[in-house]
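Heads up: take any position in the sequence shown, counting from 1, add 15, and you land on the numbering used here.
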Amino acid sequence: TALKKTAADDAFRDAWRELDAAVRRRAHRMSLLEVGIAMWSYATLRASRASGDAPSPTRGAFLALERRLAMTLATARFGDAKRRDETSVATATWAYHAMETRPSDDAARALDAALAKAAATLPAQETAMTLIGVASTGTWRAFDSKKKKKTTTTTTTTTMTTWDALVENARRRVHEMKPIELAYATWAVAIVSFVDETTPPSRAFFETAWARAATLTPGVDFPEGKRGKDALANFYHAYLMRRDAVDDAPPSAVPAWLHADARDAWRAQAKNDVNASAFHDNVARDCESLGLTAEKEALAEDGNFSADVLLRDHDAIVECDGPNHFYVDYQRPEPLGADANPNPGKYDTRKESRVRKVKTEARDKFLRARFTRVIVVPWFDVHGMQPAQRTAYVRARLEDAGVLKKDAALE
């Protein structure tokens, strides 16, 4: 933690390589607590990286931690006074979110079994961490939807899935959560039901969450700077997902500041947090060469979403999805020798999977409700293409979408 701000220094990189190698050698002897700490360390460094220059774990170290995580979760003890294992499983789950990767199949099954036992005893902060980790990585999809967890009170016994048990615990602990924890928990519950229609929303959770949010005051309960703005933006994103999905968040049910401070924070992100890369420029140029008028980073009419390339005359957009829209895949073998990443400290796109992030799924659902045609161009489809090849690819995608008529002479 003390060295994370110097991640670009050669001395730090040398020390980090030694630590990474030690994790790979010693992970099999770690306790659940130690696995959680190691995963937290990797995740914290990655989440705080500046300009993508922080080193990532090697595949060997990360897979060694995952194997040990699955083993130690099987013997975890939940419900004691210290809640140590609850903190460890929450930390590990959150680490997947911060590292922008998904658990392996074995790790997901182990998390499912452990969280089914731990859900009711997770403290407020750990509940929020777990929800964001499970939701943002799509891990709930790997959970056994048929498995039921029994929850017994003095008068009734109910059964629920692991995800439902986590959401119910969040509802019970809403008033114990700090404002930022509440923002992320609300976002997590909203996005799962938004992108997965087989997972019904918890109206009881949202009623409780909006009621608690109404007691908060921007500028007082949220820190100044990026963390506070991000929390407000997440509240508004959650509101939009609930509104677009089932319209169960009428103005009277949410705090007034949601339509002011939170909305402004969200729209500022939509307007300013853009990454106009050469990829975007090239695709826009291809569209123009095909006779179309292309606008880069144009806002939708409601101001809530930004389109990479807007073809206004056709009510169509083209989204240029770079590596940040896909999970990092530590399951893929790393290249060796001359094919290895030439700069181990830089973000290596060769670790990218072809699995799109949940938040990108949500973006597409929003955009399809606002534009007649949404064309998504993943980076790996055009990577390495010559300009003429890329233009032909873009033409084909536009023709398939009905933006351009197919040229019979080319068929």
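Positions of the beta carbon are idealized from the N, C-alpha and C atoms, including for glycine.
When the beta-carbon positions are compared, R410 and V397 stay at least 9 angstroms from each other. Non-local beta-carbon contacts of H252 in its own chain, meaning distances under 7 angstroms to residues more than five positions away in sequence, involve W202 and W281 in chain order. Annotation for L130: T177 place their beta carbon closer than 6 angstroms to its own, counting only its chain and skipping 5 residues before and after. In this model, L181 and S217 are separated by some 11 angstroms (Cα to Cα).
Burial check for A96: the Cβ neighbour count within 10 Å stays below 16, so the residue is exposed. Between P138 and E183, the gap from beta carbon to beta carbon reaches 9 angstroms or more.
At a Cβ-Cβ threshold of 9 angstroms, R61 and A113 count as neighbours. The beta-bridge partner set that DSSP reports for E310 consists of L325. A407 is positioned such that its CB atom lies no closer than 9 angstroms to that of R388. For A85, the three-state secondary structure derived from DSSP is helix. In the same chain as L413, and ignoring 5 residues on each side of it, the C-beta atoms closer than 6 angstroms to its own belong to L419, in chain order. Its chain contains L325 as the residues whose beta carbon lies nearer than 6 angstroms to that of E310, once the 5 sequence neighbours on both sides are disregarded; these appear in chain order. If you look at Y345, you'll find it isn't in any alpha helix (DSSP H); DSSP assigns it neither H nor E.
Non-local beta-carbon contacts of Q140 in its own chain, meaning distances under 7 angstroms to residues more than five positions away in sequence, involve E196 in chain order. The stretch 27-46 makes contact with the stretch 73-93; the number of CB pairs closer than 8 angstroms reaches 3 or more. With a beta-carbon spacing of about 5 angstroms, P233 and W272 fall inside the 8 angstroms limit used to define contacts. Non-local C-beta neighbours of V189 in its own chain, meaning closer than 7 angstroms and more than five positions away in sequence, comprise L197, T223, A224 and R227, ordered along the chain. Looking at the backbone, the Cα of L126 and that of A150 are separated by about 13 angstroms. Here the alpha carbon of F209 sits roughly 17 angstroms from the alpha carbon of S160. The alpha carbon of N290 has as its nearest neighbour, out of S304, D276, A283 and E312, the alpha carbon of E312.
Judged by DSSP secondary structure, D336 falls within the beta strand (DSSP E) whose first and last residues are A331 to D336. Contact between D336 and P402 fails: their C-beta atoms lie close to 20 angstroms from each other, not under 8 angstroms. Exposed is the label assigned to P215, since fewer than 16 other Cβ atoms lie within 10 Å of its Cβ. Cβ contact annotation for D379 (same chain, cutoff 8 angstroms, sequence separation greater than five): E334, V389 and V391, in chain order. Between L255 and V204, the beta carbon gap of about 14 angstroms keeps them out of contact (Cβ cut-off 8 angstroms). For F250, the secondary structure class from DSSP, reduced to helix, strand or coil, is helix. Shown here, P194 sits in a helix according to DSSP, grouped into three states. Around the Cβ of T116, a 10 Å sphere holds 16 or more other Cβ atoms; the residue is buried. L47 is not a Cβ neighbour of A79, given a cutoff of 9 angstroms.
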